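Here is the structure we will look at, set down as structure tokens.
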Amino acid sequence: MSLPVNIKEVLEALIYTEDDCTTYVNKVTGELATISDEESNYAHQKLDETVPEWIVAGTPRVKQILESEDFLEMPSKYDLHEENIRKTFCETIEKEDVKNYLLKTLNGKHAEDNFTKFIDEFDLNSKWVAHRDNSMKEIATNFLDEHSIPYQD
Numbered sequence: 021m022s023l024p025v026n027i028k029e030v031l032e033a034l035i036y037t038e039d040d041c042t043t044y045v046n047k048v049t050g051e052l053a054t055i056s057d058e059e060s061n062y063a064h065q066k067l068d069e070t071v072p073e074w075i076v077a078g079t080p081r082v083k084q085i086l087e088s089e090d091f092l093e094m095p096s097k098y099d100l101h102e103e104n105i106r107k108t109f110c111e112t113i114e115k116e117d118v119k120n121y122l123l124k125t126l127n128g129k130h131a132e133d134n135f136t137k138f139i140d141e142f143d144l145n146s147k148w149v150a151h152r153d154n155s156m157k158e159i160a161t162n163f164l165d166e167h168s169i170p171y172q173d
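Convert by adding 20 to the 1-based position in the sequence shown; the result is the number in this note's numbering.
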């Protein structure tokens, strides 16, 4: 990847990166790199024969990314405040009964699962995905702008 960064690839990284991973963007080249917590932990240790080969093979690259001033940590899922994105989506629903029902799903145990279930039940999945993607795009472009990293759609 080279500059400008492809915003669709940044969005995919924001949306689909696992909770135990961190994505970095190289502010010079635009390269995106995702590193698991496990890889990061091994990068700071002396490796022996008990370490899986895939970790050993990737460790030099992981160290390079973690130690480079060119790689910036992208916002994590925790920084995205997905619960707020779900709430703002609910507030866009015109039917009051559906809106109120969805807002109630945001609280309590299994809130995310309940929200997803009822989004499907009310046939709002495409509207939800568009809202989520637009919200994530705003977060991504704000981050890239803040760090003067050019991007394109």
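All C-beta atoms in this analysis are idealised placements derived from N, C-alpha and C, irrespective of residue type, glycine included.
For clarity, every value in this text was computed on a predicted model and none was experimentally measured.
Start-to-end residues for the beta strand (DSSP E) that takes in residue i
{"i": "asparagine 46", "result": "41-46"}
{"i": "glutamate 93", "result": "91-93"}
{"i": "serine 56", "result": "52-56"}
Member of the options whose CA lies at the smallest distance from the CA of residue i
{"i": "isoleucine 75", "options": "Phe91, Glu58, Glu87 and Leu86", "result": "Glu58"}
{"i": "arginine 106", "options": "Ser155, Val45 and Thr70", "result": "Ser155"}
{"i": "phenylalanine 163", "options": "Glu132, Asp39, Tyr44 and Thr136", "result": "Tyr44"}
{"i": "glutamate 166", "options": "Glu93, Glu102, Ala150 and Asn104", "result": "Glu93"}
{"i": "threonine 136", "options": "Gly128, Lys129 and Asn145", "result": "Asn145"}
{"i": "cysteine 41", "options": "Ser60, Val30, Glu29 and Asn134", "result": "Ser60"}
{"i": "histidine 64", "options": "Glu132, Gly50 and Leu86", "result": "Leu86"}
{"i": "glutamate 103", "options": "Lys119, Ala131, Glu116 and Asp117", "result": "Ala131"}
{"i": "threonine 112", "options": "Gly128, Asp140, Lys147 and Asp173", "result": "Lys147"}
{"i": "glutamate 51", "options": "Val149, Asp173, Gly78 and Glu29", "result": "Glu29"}
{"i": "serine 88", "options": "Ser168, Asp140, Phe142 and Ala53", "result": "Ala53"}
First and last residue of the uninterrupted alpha helix (DSSP H) at residue i
{"i": "leucine 86", "result": "73-87"}
{"i": "lysine 28", "result": "27-36"}
Contact belief for residue i with residue j at Cβ below 8 Å, rounded distance in angstroms
{"i": "isoleucine 55", "j": "alanine 160", "result": "That pair is no contact at about 18 Å."}
{"i": "leucine 23", "j": "lysine 157", "result": "Incorrect: roughly 18 Å between the Cβ atoms, too far for contact."}
{"i": "histidine 151", "j": "phenylalanine 109", "result": "4 Å"}
{"i": "tyrosine 171", "j": "valine 25", "result": "4 Å"}
Does the stretch 120-127 come within contact of the stretch 75-89, defined as at least 3 CB pairs closer than 8 Å?
no
Does the structure place the stretch 84-99 close enough to the stretch 35-43 that three or more beta carbon pairs sit under 8 Å?
Three or more beta-carbon pairs separated by less than 8 Å link the stretch 35-43 to the stretch 84-99, which places the two stretches in contact.
Start-end ranges of the alpha helix (DSSP H) lying completely within the stretch 101-155, minimum 4 residues:
102-110, 116-125 and 131-141
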